[in-house]
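The structure appears right after this line, and notes come after that.
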Amino acid sequence: MSSTRDLALQRLLPVALLLVAMSSIQSGASIAQQLFPMVGASGATSIRLLLAAMLMLVIFRPWRRPLTLSAWKAITVYGVAMGMMNFLLYQALVSVPLGIAVALEFTGPLAVAVLTSRRPRDLVWIALAIAGLAVLLWPGKSLEHGIDPRGALCALGAGACWALYILFGRRAGSGSGTQSAALGITIAAVVMAPIGLIEAGTAIFSPAVLPIGLTIAVLSTALPYTLEMFALARMPTHMFGTLMSLEPAIGALSGLVFLGQQLTMLQWLAIGTVIVASMGTTLTARSAVPVEGG
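Convert by adding 40 to the 1-based position in the sequence shown; the result is the number in our numbering.
Printed below as a string of structure tokens:
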């Protein structure tokens, strides 16, 4: 009986930790919107990346191990893609509900999964994803039902950066995932922080902003990175990818709980369609591609 319980715990623990990690990322995105009136979306991106980079450098100390030139090239692209992904997602959140923004952003990993498979049956998942996106992007009579075009484009742009993040992240992390993650976040902060500083100035370092920024850095970066690395090492990759497909739904729930963002039934169904398409590509892919975003 004890061995059965231990085996069940070994199987359920990484799943629970991954769900906590995804909830943490989306909760952080919800809290980040509290900073928008104070420092704008760009300022919120900057302070999150700066504080997250400091945390990751202190925790993982990536300078202890030398890297090759090719590794540096992959990490640089990975870091820039990460920074742009965060920047564009926060720009989208100015006018697009969190769940919808994450669903649109999820086109990035979905495209990577489909394009790396190249099998006829994957056309089914493409069709499902297109149907869901068409509903989300269909113009309505007001922003209550229709989605702001600029915000939607930013979310789709974040998805394109997420695709680059995955492709170059696999190369960058082939030697040491934690070292690459820490260096990638540092590069993202160096590249993107000046934009926030130009827009918000030194206000991003004000006493009112720093505690919220630190909370976001922990919830959206340091904590989920640690939990996801632990979970991925203890579960099959296809299961990891399938569970990650739930992220748009978790984003929608976070938006509802923390921000009071109400979605229509049709929008919930569209998000569900994108999730099913993502799960389908993960479960039928030859080799699943781990994803992490936000």
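Every residue gets a Cβ at the ideal spot worked out from N, C-alpha and C, and that includes glycine.
Keep in mind that this is a model prediction, so the values were computed, not measured.
- Residue 227 and residue 119 have their alpha carbons spaced roughly 5 Å apart.
- By alpha-carbon distance to residue 85, the top candidate from 221, 114, 261 is 261.
- The Cβ atoms of residue 82 and residue 311 do not sit closer than 8 Å to each other.
- Collapsing the DSSP output to three states places residue 80 in a helix.
- Within the model, the alpha-carbon separation for residue 305 versus residue 291 is close to 16 Å.
- Between residue 87 and residue 241, the C-beta spacing is not below 8 Å.
- Your pair residue 91 and residue 249 does not check out as a contact, with CB atoms roughly 10 Å apart and the cut at 8 Å.
- The residues 165, in chain order, have a CB closer than 6 Å to that of residue 320 in the same chain once the five nearest residues on each side in sequence are set aside.
- The beta carbon of residue 256 sits closer than 7 Å to the beta carbons of 68, 71, 72, 88 from its chain, once the five residues preceding and following it are set aside; these are given in chain order.
- Around residue 176, the same chain offers 140, 143, 144, 187, 307, 310 as residues with beta carbons nearer than 7 Å, after the five sequence neighbours per side are excluded.
- When C-beta atoms of the segment 105-119 are compared with those of the segment 202-212, three or more pairs fall below 8 Å, so the two segments count as touching.
- Rounded to whole angstroms, residue 97 and residue 264 show a C-alpha spacing of 16 Å.
- Annotation for residue 165: the continuous alpha helix (DSSP H) segment containing it runs 162-177.
- The shortest CA-to-CA distance from residue 232 to any of 106, 246, 122, 169 is the one to 122.
- Under the three-state reduction of DSSP, residue 248 is assigned to coil, being neither helix nor strand.
- Between residue 105 and residue 162, the alpha-carbon positions lie close to 41 Å from each other.
- Distance from the CA of residue 230 to the CA of residue 224, rounded to the nearest whole angstrom, comes to 10 Å.
- Taking 8 Å as the cut-off, the Cβ atoms of residue 221 and residue 148 do not count as close.
- Residue 300 carries a coil assignment under DSSP once its states are collapsed to helix, strand and coil.
- For residue 127, the enclosing alpha helix (DSSP H) begins and ends at 109-133.
- With respect to the C-alpha of residue 155, the residue from 294, 206, 64, 283 having the closest C-alpha is 206.
- Rounded to whole angstroms, the separation of the alpha carbons of residue 284 and residue 300 is 24 Å.
- In the three-state DSSP reduction, residue 275 falls in the coil class, being neither helix nor strand.
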